[in-house]
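In UniProt numbering, the protein residues as written are 1 to 231. Glycine included, every Cβ here is placed at the ideal spot set by N, Cα and C.
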């Protein structure tokens, strides 16, 4: 009969067990650890399986759905144009075949984005999207592209994989994961009535107002635009 013996763990084994107990569960990879005993020389291979943290899962999750905006029209077309003509940057030109994207960051003092626009003589396509990106500046910027699915400048990533449909019937954009659609792009009778609306901030990010004249090969569009935030 072989008497029972208490096996005392070596210092190396104790240190390795301590290291294993401190392994973070936030690692994405699987580790293979080789443990060798100082006394017997026996080698054991331990496979450490880990899971993703909640933070990493949330980074891959799609953004939450966006609430619909409030929209309305106004018959005060002449008064609105006269007022905007006196404002700096109140009148813009969207050239034929081009798309103007107005990027409006959320403002720390605001709760809603508001917009009003009108055009001379002819309609224009209009839609709004939201970029779930950290806001580093509250400055409003303009971007001009020659189609609805590209942005000007090499440093700006396009939010659109492509466009399905047309502006007149309503364009369906296949968006990248960080972008959300608030108002689908389609042609508005902005030459007959002032087109207006507002949208409650869904969180921090940048609104993208798209004024689409890509369908017009002959005419530039004169645009009267007022964009502001309210609290």
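Could you pull the DSSP bridge partners for residue i from this structure?
| i | result |
| --- | --- |
| residue 145 | 99 |
| residue 124 | 188 |
| residue 203 | In DSSP, residue 203 forms no bridge with anything. |
| residue 210 | 101 and 127 |
Going by beta carbon distance, what residues of the same chain come within less than 6 Å of residue i, once the five residues before and after it are set aside?
| i | result |
| --- | --- |
| residue 177 | 62 |
| residue 86 | none |
| residue 230 | 112 and 114 |
I'd like the span of the beta strand (DSSP E) that includes residue i, first residue to last.
| i | result |
| --- | --- |
| residue 226 | 221-230 |
Beta-carbon within less than 8 Å of residue i's beta-carbon, same chain only, minus the 5 sequence neighbours each way: which residues are those?
| i | result |
| --- | --- |
| residue 135 | 105, 106, 204, 205 and 206 |
| residue 220 | 93, 94, 95, 96 and 213 |
| residue 201 | 106, 110, 111, 112 and 113 |
Could you spell out the range, first to last residue, of the alpha helix (DSSP H) harbouring residue i?
| i | result |
| --- | --- |
| residue 79 | 77-85 |
Does DSSP put residue i in a helix, a strand or coil?
| i | result |
| --- | --- |
| residue 70 | strand |
| residue 198 | strand |
| residue 62 | coil |
| residue 108 | coil |
| residue 218 | coil |
| residue 180 | strand |
| residue 118 | strand |
| residue 93 | strand |
Taking buried to mean at least 16 other C-beta atoms within 10 Å of its own C-beta, is residue i buried or exposed?
| i | result |
| --- | --- |
| residue 72 | exposed |
| residue 111 | exposed |
| residue 161 | With a pLDDT of only 43 at residue 161, under the threshold of 50, the placement of this residue in the model should not be trusted, and no figure is reported. |
| residue 98 | buried |
| residue 217 | exposed |
| residue 145 | buried |
| residue 116 | buried |
| residue 88 | exposed |
| residue 67 | exposed |
I'd like to confirm something about residue i: is its beta-carbon nearer than 7 Å to some heavy atom of the ligand FAD, or not?
| i | result |
| --- | --- |
| residue 74 | Because no ligand of any kind appears in the structure shown, any question about the ligand FAD cannot be addressed here. |
Excluding the 5 residues preceding and the 5 following residue i in the sequence, name in chain order all residues of the same chain whose CB lies nearer than 7 Å to its CB.
| i | result |
| --- | --- |
| residue 121 | 191 |
| residue 76 | 194 |
| residue 307 | The shown model of the chain, from 1 to 231, leaves out residue 307, and the question about it has no answer. |
| residue 123 | 187, 188, 189, 190 and 191 |
For chain D, find out if any of its Cβ atoms is closer than 8 Å to the Cβ of residue i; answer yes or no.
| i | result |
| --- | --- |
| residue 123 | In summary, chain D is missing from the structure at hand, where a single protein chain is found. |
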